[in-house]
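**Q** In my numbering, the protein residues as written are 1077 to 1227.
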Amino acid sequence: TANLNVLLLSSCDAHVFTAYELFTTVAGLSYKGDFRMLIGEDKRKVDNIVKPLLKQFEELYSAPLQSIAEKTPDGLYRKRDRVTLETCFDQLPLCVRERVTSGATLQSAISSIVMSSSIRQSLKGILTAGVKKTIVYSAEKIAKMLKSMRT
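Set out below in structure tokens:
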């Protein structure tokens, strides 16, 4: 539900969402601030995850969604009136709330958490796989990224 609260907080002016908007935001949180998304990853990675799995996302999030949004007959999600920004904020993980109350924006708080995690993960990958395999893997990822940019 923290992902859904981030969605509501980061788009507090929007009261209606499509399923696609909702779940690309949720899935995209894992990649906000990930330095590998700048170079080496397909820029449409989140779309490529969400589009084929939209139905599964709806099933996975159906219970937590019921408390914060209702599905309209035309398939849109509408925020429930009783959902307040304060309630959403209070349900965020403590590390995110602390960064925001220290002056960071919600997006920059999430990005900084993901960034440090992605750097740590990449460094562990270099140590585990070795420099040569890491270079080969990185070159393949960059080639794949460039190919996806052309299509």
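Glycine is no exception: its CB is placed at the ideal position from the N, C-alpha and C atoms.
(1) Count the other C-beta atoms from every protein chain shown that fall within 10 angstroms of the C-beta of methionine 1221, then say buried if there are 16 or more, exposed otherwise.
(2) Evaluate the contact criterion for the segment 1121-1136 versus the segment 1103-1112: three or more CB pairs, one atom per stretch, below 8 Å.
(3) Below 8 Å on the Cβ atoms is my contact criterion, and I expect valine 1176 with leucine 1170 to pass it. Report the Cβ-Cβ distance as a whole number of Å.
(4) Decide if leucine 1136 is buried, meaning its Cβ has at least 16 other Cβ atoms within 10 Å, or exposed.
(5) With a threshold of 8 Å on Cβ separation, who are the neighbours of alanine 1180 within its own chain once the five nearest residues in sequence on each side are excluded?
(6) With a floor of 3 residues, list each beta strand (DSSP E) that falls wholly inside the segment 1128-1175, ordered by position along the chain.
(7) Could you tell me if glycine 1206 is buried or exposed, where buried requires 16 or more neighbouring beta carbons within 10 angstroms of its beta carbon?
**A** The structure says:
(1) buried
(2) yes
(3) With a Cβ gap of about 11 Å, valine 1176 and leucine 1170 do not count as contacting.
(4) exposed
(5) Ser1188
(6) 1145-1147 and 1153-1155
(7) exposed
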